[in-house]
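So the structure is just underneath, and the comments pick up after that.
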Amino acid sequence: MAYITYQQYTDIYGNTIQENDFPQYATAASDLIDSVTMYRILKAGGVTAFPAWIQTQIQKAAAAQILYFVQNGLESVLSGQIGAGFTVGKVHVDGGNTANKTQAQLMVSPLVKVYLEQTGLMGRSTLCLDQYQSSYYGIW
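My numbering applies: residue 8 is where the sequence shown begins, and numbers increase by one.
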């Protein structure tokens, strides 16, 4: 299930992708967001189970991941080849500073983390019986 529609995406980033290609990109972006959030969105019953501001952050994260796919190539990102340099003749082009990152980290746009880090969906905390936890927190 995609966390963003084509219209929502184009409202944020414009026409950077064709509408007929969008479902493949949106599904892949949503799958990566599920992985980053430890499937908390699915476990909660979907995006609509969260407050409006968290829904907006999830949509922005999905849009950022789609743009990352568009800019770097969907196949390159998903295969872990992003950031790999190349050489043509005597010229070497470095793919960027990727030395300290795993292939899984290179798959996710840095903006995804920026959008989701304040929502609590990326937390790796241990559950406890705390009356002050958010109402949706106890589902995971």
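Each residue gets a CB set at the ideal place from its N, CA and C atoms; glycine is no exception.
Cut-off 7 Å between Cβ atoms - residues of its own chain near residue i, not counting five sequence neighbours on either side
i, result
"V84", "Y75, F76, M114"
"Y20", "A70, L74"
Cβ-Cβ distance between residue i and residue j below 7 Å
i, j, result
"Y122", "A56", "no"
"Y32", "I65", "no"
Simplified DSSP assignment, three categories, for residue i
i, result
"Y10", "coil"
"E82", "helix"
"G145", "The predicted position of G145 is uncertain, since its pLDDT is 49 and thus under 50; a value taken from the coordinates is nonetheless stated next. Helix."
"D28", "coil"
"V119", "helix"
"L128", "coil"
"Y16", "helix"
Candidates the options: closest to residue i by CA position
i, options, result
"A71", "S116, Q25, F29", "S116"
"T126", "Q31, T63, T34, I73", "T63"
"K120", "E82, Q78, L39", "L39"
"I11", "Q25, T23, F29, N22", "F29"
"E26", "Y13, S37, A35", "Y13"
Spatial neighbours of residue i in its chain, beta-carbon cut-off 6 Å, leaving aside the 5 residues before and after
i, result
"L128", "T44, R47"
"I61", "T126"
Beta-carbon proximity list for residue i, same chain, < 8 Å, skipping 5 on both sides
i, result
"G53", "M8"
"I24", "Y16, Y32, I73, V77"
"D41", "I48, L49"
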